[in-house]
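Let me begin by presenting the structure, written as structure tokens, before commenting on it.
Chains as they are written, first to last, in this note's numbering: chain A, 135 to 409; chain B, 133 to 399.
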């Protein structure tokens, strides 16, 4: 975020050498976390070997690596539906939340009428909702997308409402002096002002939509990372279970990174309040 | 040294840019009602530079906002170039400069100046060149900077350029330099006088600084508080012209001393 300032100028002059420096620089900044991760893996590997922990209880990192390699085909086949559910849930859940937030900001009555219901829906444990949705929509993609969407929906709604209201009274006065219409105020002031709030919510949604899709797949699904987790657990294929968890986490990290990348491209400004 | 104009509007010469007749503004209802302005009348001459001074709570900002159609009046009448404030706002007769520069932080300097060209009704309006205006306020070359990359003084310059882009006949300024350091404020005061002379715009300028009010204003409107009403409408003349140097002259200090004692009477 903070280095967004320097990039436009530096990008123009940088050739291959600049790129190399950037990668080296990034590596150097990440070095502590890389070393910590390696340390944990070594301790884990040594611990499992020294104490003779049975593989079904806790597989060693090397066993997980082998499982990742041997089951690459299975994992790839199952990551695809989960990714699709998570992504579609992300899109629909956030889109619905954004539209609802825009409606709320223009109609206090709508906010009073619908917001409490949104809070109630949020209060239902998602895992309790999953069987109900499976009963209604069957065992296809639909209930999984709905659950992934539901999990994204609420944080985005709350943040978006706050973001749309974050335009300062002075900015609204300015637009009034300019005789701007409601839609001009929405597009020129409220929506740009809401973007930092929206992206904060989207970053949360990027990881939670994966969780939503996986939880939904636990209920009688025959495909997806969630189904694979259940299958591996019941068959004591612990190395595969851990490998699946690693892939699920990677999926969430990829989505998170995409959102962060979009944010750094779109939100280059800083709020005026930091004067 | 005209007192608040109670007499009939004169039929001579030019029509005033802003004419205020028996205006009152009340906020709230019932027991919580506060009278911000009570029976205010005055005329602001076309092409004039009027500074508004008064203790806090005298309603000077409220009066400015009432002229700008940002605050509804509870009684009386305001006429801006012969029209209602609302018609004047829709016709882009005036522009407003806020205390906080109120730039849109996601827009570059030039895009902030262009904002008035993108919104609102603009039938038959004529606009000034944003690049020319940025040059006029001393910001040529900073067109693509974002507001957070500028100092407070520079941001306020952008706000002034944005206000001038619609070629307003009246410029309403609500403590525009109040948050700036003294050196920046002095410099902007001098530049504002230059801009006023170049454009011939009528300027109404709210401030809480006595030297600023005396330095800028051809007339100083003094308001007293609780409720806000006119204390005096005083003509200020410096035959030697206005440069920052006059502030050390006896004439200038005499004026500020008068304003200060008048301000004390208002409390």
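Idealized CB from N, CA, C, for every residue including glycine.
query = Do residue 320/B and residue 312/B come within 8 Å of each other at the CB atom, strictly closer than that value?
reply = yes
task = Any chance you could list the alpha helix (DSSP H) runs of at least 4 consecutive residues sitting entirely within the stretch 204-259 of chain A, in chain order?
result = 206-240 and 242-257
ask   = What did DSSP end up calling residue 306/B once you bin it into helix, strand or coil?
value = strand
request  = Show which residues of chain B have a CB atom less than 8 Å away from the CB atom of residue 305/A.
outcome  = 234 and 236
message = Check whether the stretch 309-317 of chain A and the stretch 215-230 of chain B touch, using three or more Cβ-Cβ pairs below 8 Å as the test.
response = yes
request  = Evaluate the contact criterion for the stretch 262-274 of chain A versus the stretch 291-304 of chain A: three or more CB pairs, one atom per stretch, below 8 Å.
outcome  = no
message = Cutting at 7 Å between CB atoms, please list the residues of its own chain near residue 373/B, excluding the five before and the five after it.
response = none
request  = Using the Cα positions of residue 326/A and residue 278/B, report the straight-line distance between them to the nearest angstrom.
outcome  = 14 Å
Selection from 155/A, 161/A and 281/A that minimises the alpha carbon distance to residue 268/A = 281/A
8 Å contact criterion, which residue 379/B and residue 347/B should meet: CB distance rounded = 6 Å
ask   = Just to confirm, are residue 198/A and residue 380/A a CB contact at a threshold of 8 Å?
value = yes
query = Going along the chain, which residues of its own chain have a beta-carbon closer than 8 Å to the beta-carbon of residue 272/B, five neighbours each way excluded?
reply = 263 and 266
task = Compare the beta carbon distance of residue 232/A and residue 329/A with 8 Å and say whether it is the shorter of the two.
result = no
key: Three-state class that DSSP yields for residue 133/B in the structure shown   = Per-residue confidence for residue 133/B stands at a pLDDT of 43, beneath the threshold of 50, marking its modelled position as unreliable; the derived number appears in the next sentence. Residue 133/B: coil per DSSP, three-state reduction.
ask   = Just how far apart, CA to CA, sit residue 350/B and residue 328/B?
value = 12 Å
message = Using a Cβ-Cβ cutoff of less than 6 Å, which residues in the same chain neighbour residue 154/B once the five nearest sequence positions on both sides are dropped?
response = 171, 173 and 208
ask   = Any beta-carbon of chain B closer than 8 Å to the one on residue 234/A?
value = no
query = Could one say the Cβ of residue 277/B lies closer than 8 Å to chain A's Cβ atoms, at least one of them?
reply = no
task = Measure the CB-CB distance between residue 386/A and residue 341/A and report whether it falls below 8 Å.
result = yes
key: Close Cβ partners of residue 201/B (< 7 Å) along its chain, the five nearest in sequence each way excluded   = 217, 218 and 221
query = Between the beta-carbon of residue 367/B and the beta-carbon of residue 394/B, is there less than 8 Å?
reply = no
query = With contact counted as at least three CB pairs below 8 Å, one residue from each stretch, are the stretch 183-193 of chain B and the stretch 350-360 of chain B in contact?
reply = yes
ask   = Taking the Cβ atom as the reference point for each residue, do residue 167/B and residue 227/B lie within a distance shorter than 8 Å?
value = no
ask   = If you compare alpha carbons, which of 158/A, 152/A, 404/A and 163/A is closest to residue 282/B?
value = 404/A
task = Determine the DSSP secondary structure at residue 367/B, reduced to helix, strand or coil.
result = strand
ask   = Are the C-beta atoms of residue 345/A and some chain B residue less than 8 Å apart?
value = no
ask   = Which word fits residue 99/B, buried or exposed, when buried means at least 16 other C-beta atoms lie within 10 angstroms of its C-beta?
value = With chain B running from 133 to 399 in the structure shown, residue 99/B is simply not present.
query = What are the boundary residues of the beta strand (DSSP E) that includes residue 356/B?
reply = 351-356
inquiry  = For residue 203/B, tell me which candidate among 169/B, 269/B and 225/B has the shortest Cα-Cα distance.
reply    = 169/B
query = Does any residue of chain B bring its CB to less than 8 Å from the CB of residue 145/A?
reply = At residue 145/A, the pLDDT of 45 sits below 50, so the modelled position is not reliable; the number obtained from the coordinates is stated separately. False, the Cβ-Cβ gap to chain B never drops below 8 Å.
message = Does chain B have any CB closer than 8 Å to the CB of residue 294/A?
response = no
query = Counting only beta-carbon atoms, is residue 251/B nearer than 8 Å to chain A?
reply = yes
message = Looking at the secondary structure, which residues open and close the alpha helix (DSSP H) in which residue 394/B lies?
response = 382-398
request  = Pair every Cβ in the stretch 187-204 of chain A with every Cβ in the stretch 357-372 of chain A, then say whether three or more of these pairs are closer than 8 Å.
outcome  = yes
query = So what does DSSP say about residue 353/A, is it helix, strand or coil?
reply = coil
message = So for residue 298/B, helix, strand or coil by DSSP?
response = coil
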